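Comments concern the structure below.
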Amino acid sequence: MRNAFNTALIESARNDESIVLLVGDIGFGVFDSFRDEFPDRFFNVGVAEANMVGIAAGLSMSGFKPVVYTIIPFLIMRAFEQIRVDLCIQNLPVILVGVGGGLVYDTLGPTHHAIEDLSIMRSLPNMHVLTPCDPSEVKLSFNDSFSHRGPTYIRLGRGGEKNLLTEDLIKNRLPEKINVIKNGKEVLFISCGPILEETMAALDLLSSDFNCGLINIHSLKPLDKNSIKDQISLYNFIVTIEEHSIIGGIGSAIAEIIAQSSSNSRQLIIGIPDVITTEIGKREYLLGHHNIDAKSIANRVKSFILS
Amino acid sequence: MFTKLTDLDSLENISKEIRLRILDIVFTTPGGHIGGCYSVTDILVTLYYGVLNHDPKNSKWADRDFLILSKGHCCLALYSILEKCGYFDNTFLEQYSCNGGLLGGHPKKDDAPGIEATTGSLGHGLSIGSGIAWAHKMKKKSNRVFVVLSDGEMNEGSSWEALMFASQHKLDNLTIIIDNNKLESLDLTDNILSNEPLDKRLEAFGWSVKRVNGNNHGEILTAINPELHQEGKPIAIVADTIKGKGVSFMESNSMWHYRKLKPDEYKIAKKELKSNSDA
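Taken in sequence, the protein lines are chains A and B. Here the first sequence is numbered in our numbering, starting from 10 and rising by one per residue. Here the second sequence is numbered in our numbering, starting from 251 and rising by one per residue.
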């Protein structure tokens with residue numbers, strides 16, 4: 010996803026001279042091609058994230074389109090108040106690109122895991138929150154962000170993700186709308202971000218037991234609430250899946266919709282429980298540890314429906 | 251463009267008018283950090299009347315100089331000066347912090363013409379100002395950027411991140427003025443997190459520094475002249491001021507960081523400020 014972002018950035022920068030990239034001393038090798046092509050528009054502003062966001066605000070107030078990139082906890086949590094005041098209250102079109110959504114910085118431990126960012130960013134007025142699921146969607150999300158006249162947060166995984174969306178799904182994808190990957194009748198899966206890979210695998214495991222539908226959320230905010238309501242009304246069971254805390258992310262967002270609708274659907278929220286993620290291991294191991302790998306998802310859904 | 255004044259008596263008189271205006275607004279409306287407003291008044295009057303290229307009738311003029319009041323809690327001084335310069339009429343200020351009013355207790359960008367940035371949480375203004383200065387450098391434009399900070403604000407780590415950034419990028423179109431009134435909300439800055447020697451610290455961070463009496467318009471005007479500073483370095487003016495300047499019972503008294511005036515206090519303060527004005 011990082012490389013897809015770099016490619017999308019270069020394409021946009023070729024067409025718009027006001028785009029500049031600010032990094033917080035992160036992204037070794039990722040932006041070499043951008044820096045080679047636009048040496049005057051690449052800035053490593055150092056390990057000083059609060060200042061980096063303030064600088065981006067000042068650049069934006071002076072006609073530039075800043076894109077700010079670093080690892081999510083440092084971007085979102087360290088510089089949160091600058092994001093809130095300088096970007097959201099002033100409503101400036103600065104694009105924040107966070108790398109390392111969920112547990113992808115696996116063995117680096119809980120300081121580098123990003124499992125609260127969606128909850129935090131979703132609560133900010135004026136902020137758009139985009140969650141591309143694969144490299145092909147990164148470019149689309151990046152393009153979507155330019156149509157918003159305020160700040161946008163784009164949550165990336167890391168590198169090496171597989172493309173999950175088919176050409177038809179990409180063609181039919183619309184900004185700020187849900188993407189229906191599969192229609193079903195009994196259980197609706199709602200997935201957000203690269204965890205879609207595990208969700209799809211879980212659907213395969215359940216295919217002989219239940220008739221499952223699947224939608225992908227690439228815009229957590231604004232959220233396509235009307236389409237979601239329509240979808241929810243077609244199913245008895247809703248399962249939300251996110252590589253994020255179960256507090257405040259897509260699970261919460263969908264629960265808010267269900268609570269305010271006439272739906273009788275029951276919801277299972279699958280995500281990282283309310284714990285400090287101290288377990289050590291690779292991402293695949295950690296997904297299993299927190300019961301959000303495909304097999305665990307399938308088992309939890311079976312229990313939920315049969316309970 | 252606004253016509254600049256360099257006559258020190260005129261600047262002094264404007265400061266006195268502004269202090270009286272602040273006093274009336276604090277007394278008649280909710281809110282107002284009067285002590286810090288009075289320490290920074292002479293700095294802001296000197297900047298708006300003697301230094302900045304600006305146009306109150308065209309607040310978004312592309313060639314203007316920028317002023318960001320990073321110590322946003324003292325916005326009443328900024329509002330009063332913007333009002334006097336002609337950015338907006340008196341209806342804005344007379345409803346300061348009132349229900350449904352146009353101007354609140356901290357500046358919000360574009361709430362009124364002339365307010366360049368949203369501030370109020372300390373430690374933000376210098377990064378924003380550095381971004382604006384950097385943008386204008388990249389565009390090869392000659393606009394200057396001024397950021398007014400408080401000494402208490404220098405407690406914030408983000409202020410020092412921005413100081414390093416500005417010198418790293420040789421932002422000599424950026425000037426900061428630190429309103430060094432030596433008092434924070436509860437105590438002397440030296441008893442909380444001392445900044446001293448502030449001028450030496452700023453020099454060590456790569457800035458061209460002058461230290462002046464910040465309640466003296468002439469000293470500020472002289473020190474802020476870029477010709478007296480090293481090319482390629484951002485400029486810092488450490489302005490030693492008196493919190494509550496102009497009202498004897500407020501001066502250097504932390505109680506007046508944020509306190510409402512009782513009617514008898516208002517009368518005494520007004521008398522003192524008027525008598526200073528007649529002197």
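The C-beta atom is built at its ideal place from N, Cα and C for all residues, glycine as well. Predicted, not measured: the structure shown is a model, and the values here were computed from it.
- For a contact meaning CB atoms closer than 8 Å, what does serine 71 of chain A contact in chain B? On the first sequence, residue 71 of chain A is found 62 positions in, with the first residue counted as 1. Ordered by position in chain B, the residues that pass the 8 Å Cβ test against serine 71 of chain A are Gly381, Ile382, Ala385, His386, Lys389.
Checklist entry - Which runs of the alpha helix (DSSP H) spanning at least 4 residues fall entirely within the region 295-341 of chain B, listed in chain order? => result 325-335
(request) Between the Cα of leucine 31 of chain A and those of A:Asp115, A:Arg23, A:Ala57, A:Ser312, spot the shortest distance and give me the residue it belongs to. (result) On the first sequence, residue 31 of chain A is found 22 positions in, with the first residue counted as 1. Ranking A:Asp115, A:Arg23, A:Ala57, A:Ser312 by Cα distance to leucine 31 of chain A puts A:Ala57 first.
Use the C-beta contact count for isoleucine 259 of chain A: other C-beta atoms within 10 angstroms, 16 or more gives buried, fewer gives exposed.
Counted from its first residue, the first sequence places residue 259 of chain A at position 250. By the neighbour-count rule (16 or more Cβ atoms within 10 Å), isoleucine 259 of chain A is buried.
- Residues of chain A with CB under 7 Å from lysine 254 of chain B, in chain order? As a working mapping, residue 254 of chain B is identified with position 4 in the second sequence. Going along chain A, no residue has its Cβ under 7 Å from lysine 254 of chain B, so there is no contact; the nearest lies around 24 Å.
Can you find a CB in chain A that lies within less than 9 Å of the CB of alanine 486 of chain B?
-> Locating residue 486 of chain B in the second sequence gives position 236, where the first residue counts as 1. Chain A contact via Cβ: absent.
(request) Determine, using beta carbons only, whether valine 196 of chain A and asparagine 245 of chain A come nearer to each other than 9 Å. (result) Start at 1 with the first residue of the first sequence, and residue 196 of chain A comes out as number 187. Start at 1 with the first residue of the first sequence, and residue 245 of chain A comes out as number 236. Yes, these two residues count as a Cβ contact at 9 Å.
Query - For glycine 169 of chain A, three-class secondary structure by DSSP - result: By one-based count along the first sequence, residue 169 of chain A stands at place 160. Correct three-state label for glycine 169 of chain A: coil.
Strictly by DSSP, which residues pair up with glutamine 276 of chain A? Against the first sequence, residue 276 of chain A aligns to sequence position 267. Glutamine 276 of chain A pairs with A:Ile247.
For this session: With 7 Å as the C-beta to C-beta threshold (strictly closer), list the residues of the region 86-120 of chain A near chain B in chain order.
Result: Glu90, Gln91, Val94, Asp95, Ile98, Gln99
- Task: Tell me whether alanine 529 of chain B is buried or exposed, calling it buried when 16 or more other Cβ atoms sit within 10 Å of its Cβ.
- Result: By one-based count along the second sequence, residue 529 of chain B stands at place 279. With a pLDDT of 46 at alanine 529 of chain B, under the threshold of 50, the modelled position of that residue is not reliable, and the figure given next carries that caveat. Looking at its Cβ environment, which holds fewer than 16 other Cβ atoms inside 10 Å, alanine 529 of chain B is exposed.
*Between the C-alpha atoms of threonine 287 of chain A and glutamate 293 of chain A, what's the straight-line distance to the nearest angstrom?*
Numbered from its first residue, the first sequence carries residue 287 of chain A at position 278. Numbered from its first residue, the first sequence carries residue 293 of chain A at position 284. About 15 Å.
Work out the CA separation of glycine 354 of chain B and glycine 67 of chain A for me, nearest whole Å. Here residue 67 of chain A refers to the residue found at position 58 when the first sequence is read from its first residue. Here residue 354 of chain B refers to the residue found at position 104 when the second sequence is read from its first residue. Glycine 67 of chain A and glycine 354 of chain B: Cα-Cα distance of roughly 22 Å.
In angstroms with no decimal places, state the Cα-to-Cα distance between alanine 262 of chain A and valine 284 of chain A.
-> Within the first sequence, residue 262 of chain A is the residue found at index 253, counting from 1. Within the first sequence, residue 284 of chain A is the residue found at index 275, counting from 1. Answer to the nearest angstrom: the Cα atoms are 20 Å apart.
Can you check DSSP and say which residues form a bridge with valine 284 of chain A?
What you label residue 284 of chain A is simply residue 275 of the first sequence in a count that begins at 1. The partner list for valine 284 of chain A (beta bridge, DSSP) is empty, contrary to what the question assumes.
_Could you check whether the region 468-476 of chain B touches the region 432-443 of chain B, counting it as contact only if at least three pairs of C-beta atoms, one from each stretch, sit closer than 8 Å?_
no
So serine 408 of chain B and alanine 65 of chain A are supposed to be a Cβ contact under 8 Å. How far apart are they, rounded?
The count along the second sequence starts at 1 and reaches residue 408 of chain B at position 158. The count along the first sequence starts at 1 and reaches residue 65 of chain A at position 56. About 13 Å; that fails the 8 Å criterion.
- For chain B, is any of its Cβ atoms less than 9 Å away from the one on leucine 232 of chain A? Stepping through the first sequence from its first residue, residue 232 of chain A is reached at position 223. So, not an interface residue.
On the CB-based measure, 16 or more other CB atoms within 10 Å of its CB, does methionine 505 of chain B come out buried or exposed? Along the second sequence, one-based indexing puts residue 505 of chain B at 255. Per the 10 Å Cβ criterion, exposed.
Do you know offhand how far lysine 520 of chain B's Cα is from methionine 500 of chain B's? In the second sequence, counting from the first residue as 1, residue 520 of chain B sits at position 270. In the second sequence, counting from the first residue as 1, residue 500 of chain B sits at position 250. Those two C-alpha atoms are separated by around 12 Å.
Can you list, in chain order, the stretches of the beta strand (DSSP E) that have 3 or more residues and sit fully within the region 87-118 of chain A? 104-108
**Prompt:** lysine 460 of chain B by DSSP, collapsed to three states: which one?
**Reply:** The residue labelled residue 460 of chain B in the question sits at position 210 within the second sequence. Residue state, collapsed to three classes: strand.
| field | Closer than 9 Å to chain A by CB, serine 371 of chain B | value | Numbered from 1 along the second sequence, position 121 holds the residue referred to as residue 371 of chain B. Output row for serine 371 of chain B: interface = yes.
Select from A:Asp143, A:Val248, A:Ile190, A:Ser200 the residue whose C-alpha is nearest the C-alpha of phenylalanine 14 of chain A. Position 5 of the first sequence, counting from 1, holds the residue named residue 14 of chain A. Nearest C-alpha to phenylalanine 14 of chain A: A:Asp143.
_If distances are taken between C-alpha atoms only, which option among A:Leu101, A:Ser42, A:Arg131, A:Pro141 comes closest to glycine 257 of chain A?_
Taking the first sequence and counting its residues from 1, one reaches residue 257 of chain A at position 248. The option with the nearest alpha carbon to glycine 257 of chain A is A:Arg131.
I'd like the list of long-range same chain contacts for arginine 269 of chain B, defined as Cβ closer than 7 Å, with 5 residues on each side in sequence excluded. For the purposes of this step, residue 269 of chain B is taken as the residue at position 19 of the second sequence. So the list reads Tyr288, Thr291, Gly496, Leu523, once near-sequence residues are dropped.
Would a check of beta-carbon distances place alanine 367 of chain B closer than 9 Å to chain A? Position 117 of the second sequence, counted from the first residue, corresponds to residue 367 of chain B. Alanine 367 of chain B counts as touching chain A.
Exercise for the section: Output the distance between the C-alpha atoms of methionine 251 of chain B and valine 295 of chain B, rounded to the nearest integer angstrom. Expected result: Mapped onto the second sequence, residue 251 of chain B falls at position 1. Mapped onto the second sequence, residue 295 of chain B falls at position 45. Methionine 251 of chain B and valine 295 of chain B: Cα-Cα distance of roughly 16 Å.
task: Using 10 angstroms around the beta-carbon of leucine 436 of chain B, count the other beta-carbons present and answer buried if the total reaches 16, otherwise exposed.
output: In the second sequence, counting from the first residue as 1, residue 436 of chain B sits at position 186. So leucine 436 of chain B counts as exposed.
Report task. Could you tell me the distance, in whole angstroms, from the CA atom of aspartate 274 of chain B to the CA atom of glycine 281 of chain B? Result -> The count along the second sequence starts at 1 and reaches residue 274 of chain B at position 24. The count along the second sequence starts at 1 and reaches residue 281 of chain B at position 31. Those two C-alpha atoms are separated by around 12 Å.
Check your understanding: Secondary structure at glycine 407 of chain B, three-state DSSP: helix, strand or coil?
Key -> Here the question's residue 407 of chain B lines up with position 157 in the second sequence. Note: glycine 407 of chain B maps to helix in three-state DSSP.
- Task: With proline 75 of chain A as the anchor, note down where its beta strand (DSSP E) starts and where it stops.
- Result: As a working mapping, residue 75 of chain A is identified with position 66 in the first sequence. First-last of the beta strand (DSSP E) with proline 75 of chain A: 74-80.
- Task: Compute the Euclidean distance between the alpha carbons of serine 320 of chain B and isoleucine 199 of chain A, then round it to the nearest angstrom.
- Result: As a first step, residue 320 of chain B is located in the second sequence; it is residue number 70 there, counting from the start. As a first step, residue 199 of chain A is located in the first sequence; it is residue number 190 there, counting from the start. Near 44 Å, if we compare the C-alpha coordinates of isoleucine 199 of chain A and serine 320 of chain B.
CB contact below 9 Å: isoleucine 28 of chain A versus chain B: Taking the first sequence and counting its residues from 1, one reaches residue 28 of chain A at position 19. No, its Cβ sits nowhere closer than 9 Å to a Cβ of chain B.
query: Any idea what DSSP makes of tyrosine 162 of chain A, helix, strand or coil?
result: Reading the first sequence from its first residue, position 153 is the one you call residue 162 of chain A. In this structure, tyrosine 162 of chain A counts as strand in the three-state DSSP scheme.
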